[in-house]
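Notes to accompany the following structure.
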Amino acid sequence: MDELSLFPVSTSINQNGHLAIAGHDLVELASKFGTPLYVYDSATVETQIQRLNHLLKRYYPAEAILAYASKAYLSYQFAQKLARWGVGLDVVSLGEIHIAQKAGFAPSVVHLHGNNKSPAELQAAIEWGIQAIVVDNLDELELLEQLASRRQTKVRIWLRITPDLSVNTHPHIQTAHMDSKFGLHIQNGEAEEALQRSLSSPWFEVSGLHTHLGSQIFDSEPYRMAIEMLCEFAARNNYIPAEISPGGGWGVRYTLNDPDDDAEAWVRTVSGAVQEAAIHYDWPYPRLVLEPGRWLIARAAVALYQVGNQKTTPAGTHLVAVDGGLADNPRVALYQAQYTAKVAEHPNAPPVQPTRIVGKFCESGDVLISQVNLPKLIRGEHLAVPASGAYQLSMASNYNYAARPTVLWVENDSVQVLQSREQVEQLGWLVHKPENDK
Ligand SMILES: Cc1ncc(COP(=O)(O)O)c(C=O)c1O
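Start counting at 1 in the sequence shown, then tack on 2, and there's your number in the numbering used here.
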């Protein structure tokens, strides 16, 4: 399989021999908007949404919805597009709630996650009347009950259940194991206590159960096990969930070494497990809520960098430094994430040497790609890194006072700026003079 399959669906090589997305030459975009530059392809996001909706229709006989996990990437204009496409939203902070509101989401398709939601976040969610607040722990249940009774408002909740299952992914993105900070664990009785307490409270409508196993998962079997455990737990407590959310987490390909994308297996397994449980316990089919983040958005974007200095170390490694790195993409340092790249000016040129792509930040761990076979690179050329749409910009920082990059959204007939590059003068906290500073 060709590496171009890792790029957005509308990627091509144009008459200049350059990489293009939705017909827009990446070299021209880089010279017009500067680098690092993130380019999102509308067609890829739309294709992914349609694929999942189609699979849900095919495999689940009752109502099912997609709630995009905003933490993967969110901006105001992107959220507007999602709202127009009829996707729901999983939010985790006041900032994400605010964007969802401004972008035109109906509260009935938004739910709030988080293991330590602030009173302000809970209040905002109650006031807006969202689909569900996903209760993570017993302390939060108590706080939420106080807030609800103070406002004399009944609050719709889901319980986040931790089935104490380990899945095969990087330890930093596992979330449902025995030692996880997330959710109400089944093993120690928290989950049962939370369910009993919330069912007997006049301030809660317990509309569903949720679990999230982790991220970048390619095996659907743990989803089946988790759903079986969730449903067995509900049945044991005489509770019939109206909604079940097995979270998100389905994996994407960053390089050709990653497994094939088999989202069909994911949807088929999840839908089958929920149906089987409903039949087994004689429940009406619950509404199924999937929460993909990475799967909907990762492939949609390419990160573009400009080639700078090069050197070969005494250990024999050929290093090429680019003008971004750790600050716009912390995934490599956090998870040892693997990427590949193509030269935007001549994507088909044959590779001549193994190359390590490093960033410009003051950390030895600022390595963007530990090894990729590339043609000889020339200063000023551009590297295009595919599968850059998820958990890069949303985790980007101002490390070394770097400005976060420009983000573009491209369609066949348009280039839209979703976010402009930060300017040093705009970073108010940088130039803010403390009051007692004479
Ligand atoms: C509760 C929850 N749901 C969904 C997601 C989305 O995961 P992914 O982007 O891997 O699909 C996350 C990611 O951390 C999450 O914590």
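Don't be surprised by glycine CBs; every beta carbon is placed ideally from N, CA and C.
Pair within 8 Å by beta-carbon distance, residue i and residue j
| i | j | result |
| --- | --- | --- |
| Leu39 | Thr408 | yes |
| Arg158 | Ser222 | no |
| Gly250 | Glu278 | no |
| Thr295 | Ala74 | Looking at the sequence provided, one finds Gly at residue 295 rather than Thr. Yes, they are a contact pair. |
| Val112 | Ile128 | no |
| Tyr287 | Ala64 | yes |
| Leu201 | Tyr241 | yes |
| Gly318 | Lys362 | no |
| Val324 | Glu383 | no |
| Ala329 | Asn400 | yes |
| Ala265 | Arg53 | yes |
| Ile299 | Tyr341 | no |
| Val419 | Val41 | no |
CA nearest to the CA of residue i, picked from the options
| i | options | result |
| --- | --- | --- |
| Trp268 | Leu215, Gln154, Asn239 | Leu215 |
| Asp138 | Ser182, Val112, Ala122, Trp130 | Ser182 |
| His20 | Ala300, Leu385, Leu395, Asn239 | Leu385 |
| Gly106 | Glu123, Pro121, Ser372, Arg86 | Arg86 |
| Pro352 | Ala335, Val374, Ser396, Gly367 | Val374 |
| Val462 | Gly36, Tyr307, Pro316 | The displayed coordinates of the chain run from 3 to 440. Any statement about residue 462 would go beyond what the structure contains. |
| Gln355 | Leu91, Pro377, Tyr401, Gln103 | Pro377 |
| Pro304 | Asp264, Asp43, Asp284 | Here residue 304 is Val; the residue named in the question, Pro, does not match the sequence. Val304 has its Cα closest to that of Asp43, out of Asp264, Asp43, Asp284. |
| Ser366 | Asn350, Val334, Pro388 | Val334 |
| Thr37 | Leu410, Tyr341, Ile101, Asp4 | Leu410 |
| Arg152 | Ser110, Asn118, Pro204, Pro109 | Pro204 |
| Ile23 | Val426, Leu395, Pro388 | Pro388 |
| Asp4 | Pro349, Phe80, Val412, Tyr403 | Pro349 |
| Ala69 | Asp284, Glu230, Val93 | Val93 |
| Ile229 | Lys83, Asn190, Glu207, Asp166 | Asp166 |
| Val369 | His320, Tyr403, Val412, Val417 | His320 |
Per-residue DSSP class, three states only, for residue i
| i | result |
| --- | --- |
| Thr46 | helix |
| Ser168 | coil |
| Ala71 | strand |
| Asp263 | coil |
| Glu65 | coil |
| Thr357 | strand |
| Ser33 | helix |
| Gln125 | helix |
| Asp284 | coil |
| Phe206 | strand |
| Trp87 | coil |
| Arg255 | coil |
| Thr342 | coil |
| Tyr241 | coil |
| Asn2 | Because the chain here runs from 3 to 440, residue 2 falls outside it and cannot be looked at. |
| Leu76 | coil |
| Glu147 | helix |
| Asn55 | helix |
Own chain residues within Cβ distance below 7 Å of residue i, not counting five before or after
| i | result |
| --- | --- |
| Ala126 | Leu96, Ile99 |
| Leu149 | Pro121, Leu124, Gln125, Ile128 |
| Glu195 | Leu140 |
| Phe235 | Ile163, Ile188, Ala193 |
| Gly25 | Asn414 |
| Ile101 | Leu76, Tyr78, Ala81 |
| Arg270 | Tyr61 |
| Lys104 | Tyr78 |
Burial state of residue i (16 or more Cβ within 10 Å)
| i | result |
| --- | --- |
| Gln198 | exposed |
| Glu144 | exposed |
| Asp141 | exposed |
| Met180 | exposed |
| Val47 | buried |
| Arg162 | buried |
| Glu347 | buried |
| Gln428 | exposed |
| Pro261 | exposed |
| Gly185 | buried |
| Ser217 | buried |
| Arg119 | The residue asked about is misnamed: residue 119 is Lys in this sequence, not Arg. Classification for Lys119: buried. |
| Gln338 | exposed |
| Val89 | buried |
| Pro316 | exposed |
| Gln154 | exposed |
| Ile281 | exposed |
| Ser390 | buried |
| Thr13 | buried |
Neighbourhood of residue i by C-beta, 6 Å cutoff - its chain only, sequence neighbours within 5 removed
| i | result |
| --- | --- |
| Tyr62 | Ser273, Leu290 |
| Leu379 | Val309, Val322 |
| Gln312 | Val322 |
| Pro332 | Met397 |
| His212 | Val136, Trp160, Arg162, Ser247 |
| Phe220 | Gly253, Pro261 |
Nonlocal neighbours in the same chain, by C-beta distance under 8 Å from residue i, ignoring five residues either side
| i | result |
| --- | --- |
| Asn18 | Asp27, Val29 |
| Arg423 | Phe35, Gly36, Ala405, Arg406, Pro407, Thr408 |
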